[in-house]
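Asks: Just add 1 to the spot in the sequence shown (first one is 1) and you have the numbering used here.
Ideal Cβ positions, reconstructed from N, Cα and C, are used throughout, including at glycine.
Note that the structure is predicted; figures quoted are calculated from it, not measured.
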Amino acid sequence: MRVCVSVVGLMAAFALAAGQTVEFPVGYYFYEEIAQRMSVGGRRVACAPELSDSVALLRLKPREWRQARQILENTLEVRFREIGGNRWVIERPPALVKQEQRLRRSLARAVEDSIRQNRALQQRMWSPEAPIEQVLEEASARGSQAVYYPTTPAQERRYRLLLADQIALLREASLEGLMLEWRGIRRFERAIVAEFGRIQTAVPTANNSQPPPDDSRQPFASQQQAIERFLAKHSLRDFRIHPAIERLAIQHARMEQAEWSERYGDLWFEDYAHRRVWATYSLCGLVCSALIRYIPDALLQRLQPPLDTLQAIEQGLVARVYELDVDAEWLAFWLDDLEGAQIPLLPPPTLRVRTLVLAQWDGTQLSYHMLLLQLESTDTFRKWIQLDSGDVLSYDALARLLRDESPALEQALHQARRRHEQLLNEPVWAQLSSDLEKFGVPFYEQLYQWAKRHDQELATELILRWYASSSLWGRLADGTMPLRMALQSGAARAQTLLDRYETVWTLRNFAAFIHRAQRVPVAALHRLAHSEGSLAESQRFYLAIDGWQAAQLHSFTKFRLYREGQPRKQLDCSTRVSGESVDLWLMARLWELLSETQREQLLSPPESFSDVAPAVPLRQLPAHTQRGLGELIEQWAMIQLWRARDNPIWLGPEPMCYDLLSGRLSFEQLIEGLALIRGGYGSPERLTLVYNPPGYLKPRGVRLLSIGLPRERLSPPSDRQ
Numbered sequence: 002m003r004v005c006v007s008v009v010g011l012m013a014a015f016a017l018a019a020g021q022t023v024e025f026p027v028g029y030y031f032y033e034e035i036a037q038r039m040s041v042g043g044r045r046v047a048c049a050p051e052l053s054d055s056v057a058l059l060r061l062k063p064r065e066w067r068q069a070r071q072i073l074e075n076t077l078e079v080r081f082r083e084i085g086g087n088r089w090v091i092e093r094p095p096a097l098v099k100q101e102q103r104l105r106r107s108l109a110r111a112v113e114d115s116i117r118q119n120r121a122l123q124q125r126m127w128s129p130e131a132p133i134e135q136v137l138e139e140a141s142a143r144g145s146q147a148v149y150y151p152t153t154p155a156q157e158r159r160y161r162l163l164l165a166d167q168i169a170l171l172r173e174a175s176l177e178g179l180m181l182e183w184r185g186i187r188r189f190e191r192a193i194v195a196e197f198g199r200i201q202t203a204v205p206t207a208n209n210s211q212p213p214p215d216d217s218r219q220p221f222a223s224q225q226q227a228i229e230r231f232l233a234k235h236s237l238r239d240f241r242i243h244p245a246i247e248r249l250a251i252q253h254a255r256m257e258q259a260e261w262s263e264r265y266g267d268l269w270f271e272d273y274a275h276r277r278v279w280a281t282y283s284l285c286g287l288v289c290s291a292l293i294r295y296i297p298d299a300l301l302q303r304l305q306p307p308l309d310t311l312q313a314i315e316q317g318l319v320a321r322v323y324e325l326d327v328d329a330e331w332l333a334f335w336l337d338d339l340e341g342a343q344i345p346l347l348p349p350p351t352l353r354v355r356t357l358v359l360a361q362w363d364g365t366q367l368s369y370h371m372l373l374l375q376l377e378s379t380d381t382f383r384k385w386i387q388l389d390s391g392d393v394l395s396y397d398a399l400a401r402l403l404r405d406e407s408p409a410l411e412q413a414l415h416q417a418r419r420r421h422e423q424l425l426n427e428p429v430w431a432q433l434s435s436d437l438e439k440f441g442v443p444f445y446e447q448l449y450q451w452a453k454r455h456d457q458e459l460a461t462e463l464i465l466r467w468y469a470s471s472s473l474w475g476r477l478a479d480g481t482m483p484l485r486m487a488l489q490s491g492a493a494r495a496q497t498l499l500d501r502y503e504t505v506w507t508l509r510n511f512a513a514f515i516h517r518a519q520r521v522p523v524a525a526l527h528r529l530a531h532s533e534g535s536l537a538e539s540q541r542f543y544l545a546i547d548g549w550q551a552a553q554l555h556s557f558t559k560f561r562l563y564r565e566g567q568p569r570k571q572l573d574c575s576t577r578v579s580g581e582s583v584d585l586w587l588m589a590r591l592w593e594l595l596s597e598t599q600r601e602q603l604l605s606p607p608e609s610f611s612d613v614a615p616a617v618p619l620r621q622l623p624a625h626t627q628r629g630l631g632e633l634i635e636q637w638a639m640i641q642l643w644r645a646r647d648n649p650i651w652l653g654p655e656p657m658c659y660d661l662l663s664g665r666l667s668f669e670q671l672i673e674g675l676a677l678i679r680g681g682y683g684s685p686e687r688l689t690l691v692y693n694p695p696g697y698l699k700p701r702g703v704r705l706l707s708i709g710l711p712r713e714r715l716s717p718p719s720d721r722q
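1. In terms of residue numbering, what span does the alpha helix (DSSP H) encompassing K453 cover?
2. Note down the Cα distance separating P623 from L52, rounded to an integer number of angstroms.
3. Hey, V505 and E581 are a contact pair by Cβ (cut 8 Å); roughly how many whole angstroms apart?
4. Mind listing, in chain order, the continuous alpha helix (DSSP H) runs of no fewer than 4 residues lying wholly within the segment 57-90?
5. Across the segment 415-422 and the segment 492-501, are there enough close Cβ pairs to call them in contact, namely three or more that are closer than 8 Å?
6. Where does H253 sit, in a helix, a strand or coil, going by DSSP?
7. Excluding the 5 residues flanking W430 on each side, which residues of the same chain have their C-beta closer than 6 Å to its C-beta?
8. Quick one: Cα of P350 to Cα of R187, how far?
9. Ordered along the chain, which non-local residues of its own chain (more than five positions away) have a Cβ less than 6 Å from that of E182?
10. Straight-line CA distance for Q37 to A69?
11. Exposed or buried, M486, counting other C-beta atoms within 10 Å across all chains shown (16 or more means buried)?
12. Ignore the nearest five residues each way along the sequence and tell me which others in L304's own chain have a CB closer than 7 Å to its CB.
13. For P345 and D338, I'd like the C-alpha separation in whole angstroms.
14. By Cβ distance, which residues of its chain are closer than 7 Å to K62, with the 5 residues on each side in sequence left out?
15. With C-beta atoms as the reference, is I246 less than 8 Å away from V288?
16. How is G631 classed by DSSP in three states: helix, strand or coil?
17. Inspect the CB distances between the segment 246-255 and the segment 130-137 and report whether three or more fall short of 8 Å.
18. By alpha-carbon positions, which one of A537, E538 and L526 ends up nearest to Q550?
19. Check for me: the beta strand (DSSP E) holding L357 runs from which residue to which?
20. Once the 5 residues before and after A111 are set aside, which same chain residues still bring their CB inside 6 Å of it?
21. Starting from the Cα of S294, find the closest Cα among L402, D584 and W127 and give me that residue.
22. Tell me the DSSP bridge mates of Q387?
23. Leaving out the 5 sequence neighbours to the left and right, which residues in its chain are closer than 6 Å to R88 when beta-carbon positions are compared?
24. Could you please give the first and the last residue of the uninterrupted beta strand (DSSP E) stretch that includes A460?
25. Does DSSP classify V521 as helix, strand or coil?
26. Quick check on the burial criterion: 16 or more other C-beta atoms within 10 angstroms. Buried or exposed for D239?
27. Alpha carbons only, please: which of G198, D363, R230 and Q226 is nearest the one belonging to L515?
28. For S1, which of S663, D547 and A518 has the nearest alpha-carbon?
29. In the DSSP assignment, the beta strand (DSSP E) including D328 goes from what residue to what residue?
30. Check the DSSP bridge columns for G709 and list the partner residues they point to.
31. Which residues does DSSP list as the beta-bridge partners of Y502?
32. Secondary structure at L675, three-state DSSP: helix, strand or coil?
33. Tell me the residue span of the beta strand (DSSP E) that contains A47.
34. With DSSP as the reference, label V278 as helix, strand or coil.
35. Which word fits L544, buried or exposed, when buried means at least 16 other C-beta atoms lie within 10 angstroms of its C-beta?
36. Looking at C-alpha atoms only, which residue of S407, L554 and P694 is the closest neighbour of V521?
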C-alpha cells in the first residue's frame with residue numbers, strides 16, 4: 002500500500018516538475034488567459050477569435066492536463082482541437098454553433114408567432130363571430146393584460162367579467178364607431194380626473210403642521226367627492242359618449258350591491274347617479290385601453306420592410322426610421338389631440354409620418370418602441386408607442402424550442418432541472434453563510450466568494466448581455482437576490498441550473514444560445530476599466546463597436562471582474578463606460594474622418610484664453626467622407642432620442658435630433674453648420690461638436706457633445722494598432 006502511494010506521489014511530482022499539471026486559482030478568466038494557462042508541457046494553446054470576449058469564473062485545483070481539458074470542455078461547452086505540431090485551439094464545437102443558430106432562428110419565429118397570436122386574439126375580441134367564452138379562455142391562457150393581470154381566484158373572476166364587458170362594448174360599438182366618438186369619451190374622462198386632482202391638492206386639516214387622521218375610507222371619500230363636484234358642474238348629456246357605453250353603464254348602475262361588487266370591489270355608492278357616473282368612467286377606460294392596444298400593432302403591420310427579429314435577438318437592439326401612412330384619427334387619438342392642435346379636426350384620411358422604430362430584446366420578450374418624429378404628445382406615457390411580444394422564453398416555451406430541435410435536448414433540460422433541485426439540497430448549498438445571503442451583491446461575485454470560502458472547485462461561463470435592466474440577469478447583476486434565491490429564480494427559466502462534473506461545480510444554461518450571440522466585448526471593457534486613463538485604448542475600443550452598443554454599455558451588466566491581488570473595479574464605475582460612452586464613440590469615429598492636419602489643428606491649444614478656439618468645419622471633409630458622417634450623425638440622433646426616453650429629465654440636443662430625423666433639417670443644412678472646436682464654452686481642455694450654421698439665432702450654436710481632451714485622449718494614428 003505504501004509503495005502504491007509512493008508511486009502515485011512520485012508520478013504527481015513528476016507531472017508537476019514536467020509542467021503537465023494545470024491550476025486555476027479562483028478568479029475570472031478570459032478565454033485567452035485560459036489558453037495561456039493550458040499551454041504547458043510543450044503545448045501551445047490559442048483561443049478562437051469568437052471566444053476572445055468570453056469570460057469564465059474558475060477555481061480548479063492542480064490536476065493533470067488531460068483531466069483539466071475534459072473538465073473545461075464539459076463545463077464551458079468548448080473543445081480543444083489539435084491543429085498539428087502540439088498546437089491546440091479552444092473553440093466552440095461546430096455542431097453546437099450550428100445548433101445554437103437553429104435555436105435562435107426558432108426563437109425568432111416564436112416571437113413573430115406570439116405577436117401574430119396576440120393580433121388574432123385582438124381581432125376575435127372585436128369580431129361578433131367569435132364566441133365570447135372562447136375568447137375569454139384564450140385571453141386567460143395567454144395572460145392577456147386587457148384589464149390587469151389576475152393573481153388570485155377573486156381577481157380572475159373580476160378580470161373575466163371586465164374583459165367580457167370590454168368585448169361586448171367593442172363588438173356593439175365597432176372600431177369605426179368608437180373612433181368617431183373618442184373625443185367625447187376623452188373630454189368626459191378629463192372632466193372627472195380634473196375633480197380628482199382638485200380634491201387631492203386640497204389641504205384636509207385646519208393647520209399645516211399636523212397630518213390628516215388615519216381614515217381607511219379616505220380613498221372612497223375622495224371618489225365620492227369628485228363625482229359630487231362633477232355632477233354639480235356637468236351632466237353626462239354634456240359629453241358625446243357612445244350609446245353602447247351609456248347603455249352598459251345604466252345596466253351596471255341598476256345592479257344590486259353584491260353584483261356591482263363583483264366588478265367594482267368595495268366601491269359602492271348609495272346614489273344611483275353616482276354609480277352611473279362611476280360605471281361610465283370605468284367603461285370609458287376599458288374602451289380607451291382597447292384602442293391604445295390596437296394602434297401599436299396597426300402601425301407595426303405597416304413597417305416595410307419589417308425590422309429583423311433575429312437581428313434584434315442577436316444584437317439586443319435594432320432601429321430604423323420609416324415613413325408611414327397612418328390613419329389621421331388614430332394619430333389624433335394617440336396624441337390626445339382633442340382640439341386639433343396637431344391633427345386638423347377635418348383631416349385627410351391618412352397622414353404620412355416619419356417614425357423612429359426600435360426593436361429591443363430584453364431576455365424574455367421582444368419590445369417594439371415607436372416615436373412619431375413630426376408630432377409631439379402632451380402625455381408622456383403616449384410619447385413612445387410600445388408593443389411587446391409577450392414572454393416567449395418561459396421554461397415551458399424553452400422546452401418547446403428544444404423539443405423542436407431535438408427531443409433529446411428537451412429531455413436533457415428536464416433531467417438537468419431535477420438534478421439542480423437535488424444538488425441545491427446538499428449541505429454546501431443548503432447551509433450558506435449569512436454574508437452570502439445578502440442583497441446587493443452581484444450574482445457571480447457571490448459564487449466567487451462561495452467557492453473561496455467553502456474550498457469548492459467551480460467552472461462556469463459568465464452570461465453577459467447587452468441589455469439586462471428588466472430581466473432575470475438584470476436582477477442577478479444588480480445583486481437584488483441573494484445566492485440561493487438567485488439559483489432558484491434562474492432555474493425557473495433554466496438559466497442557472499446547478500450541476501457537478503466530477504468534483505467541479507458548474508451552471509448549466511439552456512438559454513445560452515441567445516446570450517452567446519450578443520458578443521459583449523468584455524475583454525476590451527475590462528482592459529478599459531483597468532487602464533491608467535490613457536484614451537488610446539479607449540479610442541481603439543470605441544472604433545470596434547457601433548453606437549447602439551456604446552449606448553447600452555452602462556446598462557448591460559455590473560458584474561465585477563477581478564482576481565486575487567488586483568483592485569476590484571466595476572465595469573461601469575468610470576465615465577469611460579457609462580453615460581459618456583455614446584459621445585466617446587461618436588468622437589472616436591469623427592476623429593477617424595479628419596486629416597492629419599485637421600487633427601493637429603485641434604490638438605494645438607490656443608496660446609491665450611482670448612484667442613479664437615481652433616475649429617474644423619466638417620463641410621471641409623471630402624464628399625465620400627461626408628456620406629459616412631451622415632450615417633454616424635443619424636445613428637447618434639436616434640440614440641439621443643432613445644436616451645431621452647429612458648431619462649425624461651436628461652437635457653440633450655433633443656429638438657435638433659427631431660428636426661434631423663423628421664426631415665425638417667436636411668443633411669446638407671446640417672453639414673453646413675457642424676464643426677469640431679478645441680475648447681469653447683470656457684474649457685480649453687475639451688473637444689466640442691457644435692451646430693452653428695450661418696445666420697443661426699444662437700451666437701454659440703447648439704452644443705451637441707463635449708468630451709475632455711488631454712493630449713493622449715485622442716492619439717495620433719501611429720499610436721493605434
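Replies: Reading off the structure:
1. Counting along the chain, the alpha helix (DSSP H) containing K453 begins and ends at F444 to R454.
2. Taken atom to atom, the span from the alpha-carbon of P623 to that of L52 is near 38 Å.
3. No, V505 and E581 are not in contact; Cβ-Cβ is about 40 Å, not under 8 Å.
4. The alpha helix (DSSP H) runs of length 4 or more contained entirely in the segment 57-90 are, from start to end of the chain, 66-77.
5. Yes: the two stretches touch, three or more of their Cβ pairs being nearer than 8 Å.
6. Three-state DSSP puts H253 in a helix.
7. Correct list: empty, nothing qualifies.
8. Taking the straight line from one Cα to the other gives about 21 Å.
9. Within the same chain, E182 has close Cβ partners R241 and H243.
10. Cα-Cα distance, rounded: 13 Å.
11. It counts as exposed.
12. For L304, where only same-chain residues beyond five positions count, the Cβ hits under 7 Å are Y323 and V358.
13. Distance between the alpha carbons of P345 and D338 is about 9 Å.
14. Excluding the 5 residues flanking it on each side, K62 has same chain C-beta neighbours closer than 7 Å at E24 and E458, in chain order.
15. Result yes, Cβ atoms of I246 and V288 sit closer than 8 Å.
16. Correct three-state label for G631: helix.
17. No, they do not touch.
18. If we check each option's Cα against that of Q550, L526 comes out closest.
19. Element bounds for L357: T351 to W362.
20. For A111, where only same-chain residues beyond five positions count, the Cβ hits under 6 Å are V393.
21. For clarity, residue 294 is Arg in the given sequence; the question names Ser instead. Nearest option by C-alpha distance: W127.
22. Paired residue(s): H370.
23. R45.
24. Bounds of the beta strand (DSSP E) holding A460 are E458 to E462.
25. Three-state result, V521: coil.
26. Taking all protein chains in view, the Cβ of D239 is surrounded by fewer than 16 other Cβ atoms within 10 Å, so the residue is classified as exposed.
27. The displayed chain sequence assigns Ile, not Leu, to residue 515. For I515, the nearest C-alpha among the options comes from D363.
28. One cannot answer for residue 1 here, as it falls past the ends of the chain, which runs 2 to 722.
29. Taken as a continuous stretch (DSSP letters only), the beta strand (DSSP E) holding D328 covers L318 to D328.
30. Answer is R687, bridged to G709.
31. Partner(s): V505.
32. Strand at L675.
33. That run of the beta strand (DSSP E) goes R45 to C48.
34. For V278, the three-state secondary structure derived from DSSP is helix.
35. Exposed, because fewer than 16 other Cβ atoms sit within 10 Å of the Cβ of L544.
36. When each option's Cα is compared against that of V521, the closest is L554.
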